[in-house]
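Engineer: Sharing a structure below in structure tokens format, with a few things to ask.
Number of protein chains: 2
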Amino acid sequence: MKLTILGCHSATPHINANPTAQVLEVQGHLFLIDCGEGTQVQLRRYKVKFSRVKHIFISHLHGDHFYGLIGLISTFLLLGREADLHIYGPKGIKEIILLQLKLSKSWTNYSLFFHELDSNVPTLLFEDEKVTVTTIPLKHRVYTNGFLFQEKTKERKLDFEAAQKANIHHTYFQKLKQGYDVKNEKGELIANKTVTLEPDPSKSYAYCSDTAFYPEMVPQIQHATALYHESTFLESHQHLCEKTKHSTAKEAAVIAKRAAVGTLILGHYSGRYGDRSLFKKEAEEIFFKVELAEDGKEFEI
Amino acid sequence: MKLTILGCHSATPHINANPTAQVLEVQGHLFLIDCGEGTQVQLRRYKVKFSRVKHIFISHLHGDHFYGLIGLISTFLLLGREADLHIYGPKGIKEIILLQLKLSKSWTNYSLFFHELDSNVPTLLFEDEKVTVTTIPLKHRVYTNGFLFQEKTKERKLDFEAAQKANIHHTYFQKLKQGYDVKNEKGELIANKTVTLEPDPSKSYAYCSDTAFYPEMVPQIQHATALYHESTFLESHQHLCEKTKHSTAKEAAVIAKRAAVGTLILGHYSGRYGDRSLFKKEAEEIFFKVELAEDGKEFEI
Chain D
875 MKLTILGCHS ATPHINANPT AQVLEVQGHL FLIDCGEGTQ VQLRRYKVKF SRVKHIFISH
935 LHGDHFYGLI GLISTFLLLG READLHIYGP KGIKEIILLQ LKLSKSWTNY SLFFHELDSN
995 VPTLLFEDEK VTVTTIPLKH RVYTNGFLFQ EKTKERKLDF EAAQKANIHH TYFQKLKQGY
1055 DVKNEKGELI ANKTVTLEPD PSKSYAYCSD TAFYPEMVPQ IQHATALYHE STFLESHQHL
1115 CEKTKHSTAK EAAVIAKRAA VGTLILGHYS GRYGDRSLFK KEAEEIFFKV ELAEDGKEFE
1175 I
Chain U
875 MKLTILGCHS ATPHINANPT AQVLEVQGHL FLIDCGEGTQ VQLRRYKVKF SRVKHIFISH
935 LHGDHFYGLI GLISTFLLLG READLHIYGP KGIKEIILLQ LKLSKSWTNY SLFFHELDSN
995 VPTLLFEDEK VTVTTIPLKH RVYTNGFLFQ EKTKERKLDF EAAQKANIHH TYFQKLKQGY
1055 DVKNEKGELI ANKTVTLEPD PSKSYAYCSD TAFYPEMVPQ IQHATALYHE STFLESHQHL
1115 CEKTKHSTAK EAAVIAKRAA VGTLILGHYS GRYGDRSLFK KEAEEIFFKV ELAEDGKEFE
1175 I
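Those sequence lines, one after another, are chains D and U. Counting from 1 along the first sequence, just add 874 to a position and that's the residue number in this note's numbering. Counting from 1 along the second sequence, just add 874 to a position and that's the residue number in this note's numbering.
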């Protein structure tokens, strides 16, 4: 999995401070997560091929998370896109997009599929042989979901020498990778574990923004390889969280610790702080592995 | 009048190539003309005070001319704006903006006035003692207006020495500036022209984008001090104008010549051309005074 941060600042876009958008590359997919104003320019800046974006996940309908969506859809149209585009987001997103396309007489020449969300329990949005994407219900001023991207259990690795020694014909190798015991050329049953190795671990990425401190998410994101959790504020401004339904860096770290995730990535910083390292410092008092999101930064998960 | 180009490129935003937006400073007003995606960042880049923007004129509902509007309105809200904001644009613009504010539960704490347009004849949109703003009906794929910004006739200038010599009491000076003959302290009637000078010329700026070649606009923009006329294409691509309802640099120059404007400013360039100077060269074969718009460029009109 490779995560590229296109924007990680809260509220209003500034020069060199983009609102939320991320690209997650996993098992051949390129998932776009949120799409603040200017995301299409950020995609160009970091050389993400537009044609590879086929699924866009929108957490909630605050502008800093989706005002760039209509522009991206229009640009796809102008570039002559033909591939389907799937958009997952809160109920209402379809009306917003279609109204604008209608009034500009700019119907897309590709198929646009809207998957509107209004459930408050985790919901499977996407599944293929290798990956699933599920909503993570969050707690914010408007209806909001995070997203959990999970690799399915991978194939076992063939111990090629051991398999040859055991006289297994190569036509059975795929079965071995799938975990089956197989018969060798003499007709003897060979135990799978004697000729295969453990698969690479399946990875998972939990995106949780925007949200107030919400421990209810912990069971769902347990042991995620990486967790992006918003940290709009530092503890010194914790009193602002109640009204705005945002979190502090410390609160993000508490969630990371309880969920025993691999790495905590902080982002969605309020513009009031000059020194980002304070977020890391505050979170590290609670949790051992903390990274700071920055526009353009890549994370290998 | 001072015109600042925030963006002058057609269609899709790129790094360092912003879609259409301009700021016109005239007689204490700061008018925003069109508002493509990223306009709020461009306003910050060129240090335009957000609080001075009170009137926004939207030519048409293609994305490269208004996708930045909802973001700007939201940012005004987040910054605690209290001043009224007036938005002039095609019918439908109110529905687009209000739908998004409703779904994000982000009602503005300032008053938002929509002036929706659907007339095909020039319409007065704004007037005070010094300035008028009128629509210029254009010809495009969707309903589109340009905008004509006109200073009213200015006051005559007092010839202070001549007025003193003529024994005119200073309480009559304002009357003199307004063009009246007045009596002096001896009761003699003094002819206005003997104690005043011609006023500074009144300036006007015509913004015409997007539009096909449309000579019907010529009478309305006659003798404008400056004309911004779109030139999406060069003549070598004139065949694309019919379908897209855009103009070439040459066509823009023909309009400028027929209207006998002071200066022609070209913009809304298609991304297919590397060398902008070709637009200037082509237009200069028809018209004597041609300037090229560039993001961030200022024009004294």
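Glycine is no exception: its CB is placed at the ideal position from the N, C-alpha and C atoms. All values derive from a computational prediction rather than experimental measurement.
Within the chosen definition, does the segment 1112-1122 of chain D reach the segment 1042-1053 of chain D through at least 3 CB pairs nearer than 8 Å?
Structural biologist: No, because fewer than three Cβ pairs between the segment 1112-1122 of chain D and the segment 1042-1053 of chain D fall closer than 8 Å, the two stretches do not touch.
Engineer: Taking only three categories from DSSP, how would you classify L1012/U?
Structural biologist: coil
Engineer: Assign V1007/U to one of three DSSP states: helix, strand, or coil.
Structural biologist: strand
Engineer: For K979/D, would you say it is in contact with chain U, using Cβ-to-Cβ distances shorter than 7 Å as the test?
Structural biologist: yes
Engineer: To be precise: take each residue of the segment 878-897 of chain D, compare its Cβ to all Cβ atoms of chain U, and keep it if any distance is under 8 Å. Which residues remain?
Structural biologist: A885, T886, P887, H888 and I889
Engineer: Is L908/U buried or exposed, if buried means 16 or more other CB atoms sit within 10 Å of its CB?
Structural biologist: It is worth fixing the name first, because residue 908/U is Asp in this sequence and not Leu. Buried.
Engineer: In whole angstroms, give me the CA-to-CA distance for H883/U and Y962/U.
Structural biologist: 22 Å
Engineer: Looking at the structure shown, is F1000/U part of a helix, part of a strand, or coil, going by DSSP?
Structural biologist: strand
Engineer: For a contact defined as C-beta to C-beta under 9 Å, what are the partners of T949/U on chain D?
Structural biologist: A885, T886, P887 and G937
Engineer: Look up D958/D in the DSSP assignment and say whether it is helix, strand or coil.
Structural biologist: coil
Engineer: Beta-carbon separation of T1070/U and A1100/U under 7 Å?
Structural biologist: No Cβ-Cβ contact shorter than 7 Å links T1070/U with A1100/U.
Engineer: With DSSP run on the structure shown, which of helix, strand or coil describes Y1102/U?
Structural biologist: Residue state, collapsed to three classes: strand.
Engineer: For F1021/U, which residues does DSSP report across the bridge?
Structural biologist: Looking at the DSSP assignment, F1021/U forms a beta bridge with T1009/U and Y1081/U.
Engineer: With distances taken between CB atoms, is the gap from F940/U to F1021/U smaller than 7 Å?
Structural biologist: no
Engineer: On the DSSP letters alone, give me the boundaries of the alpha helix (DSSP H) that V1069/U sits inside.
Structural biologist: From DSSP, the alpha helix (DSSP H) with V1069/U extends over N1066 to V1069.
Engineer: Measure from the C-beta of W919/U to each C-beta in chain D and report whether the shortest distance is under 7 Å.
Structural biologist: One point to set straight first is that residue 919/U is Arg, not Trp, in the sequence displayed. R919/U counts as touching chain D.
Engineer: Please tell me whether V897/D and T878/D are closer than 7 Å, where the distance is taken between their beta carbons.
Structural biologist: yes
Engineer: Between T894/D and the rest of its own chain, which residues show a CB-CB distance below 7 Å, the 5 nearest in sequence each way excluded?
Structural biologist: G881, C882, D908, G910, D938, H939, S1083 and H1142.
Engineer: Could you pull the DSSP bridge partners for F931/D from this structure?
Structural biologist: I907/D and Y962/D
Engineer: In chain U, what lies closer than 9 Å to Q1024/D by C-beta?
Structural biologist: In chain order: nothing, as chain U lies at least about 29 Å away.
Engineer: As a quick exercise: from K1060/U, V1007/U, H1014/U and K1131/U, pick the residue whose alpha carbon is nearest that of P1093/U.
Structural biologist: K1131/U
Engineer: Would F1034/U be called buried (16 or more neighbouring beta carbons within 10 Å of its own) or exposed?
Structural biologist: Label assigned to F1034/U: exposed.
Engineer: In chain D, which residues lie with their C-beta within 8 Å of the C-beta of G912/U?
Structural biologist: P887, E911, G912 and V915
Engineer: Return helix, strand or coil for E1174/D, following the three-state DSSP convention.
Structural biologist: Strand, per DSSP.
Engineer: Please classify G881/D: does DSSP put it in a helix, a strand, or coil?
Structural biologist: Correct three-state label for G881/D: strand.
Engineer: Note down the Cα distance separating A1127/U from L917/U, rounded to an integer number of angstroms.
Structural biologist: 29 Å
Engineer: DSSP on G1053/D, reduced to helix/strand/coil?
Structural biologist: In this structure, G1053/D counts as coil in the three-state DSSP scheme.
Engineer: Roughly how many whole angstroms lie between the Cα atoms of L946/U and V1007/U?
Structural biologist: 22 Å
Engineer: So V1016/U contacts chain D; which residues on that side make the cut at Cβ distance below 7 Å?
Structural biologist: S978 and K979
Engineer: Just the Cα atoms here: how many angstroms apart are M1091/D and C1115/D?
Structural biologist: 18 Å
Engineer: Would you verify that the beta carbon of L842/U is, or is not, closer than 7 Å to some beta carbon of chain D?
Structural biologist: Residue 842/U is absent from the structure shown; chain U starts at 875 and stops at 1175.
Engineer: At the 7 Å Cβ level, is I944/U part of the contact set with chain D, yes or no?
Structural biologist: Judged by the 7 Å Cβ criterion, I944/U is in contact with chain D.
Engineer: Name the chain U residues whose beta carbon is nearer than 8 Å to that of L952/D?
Structural biologist: Neighbours of L952/D on chain U, chain order: A885 and T886.
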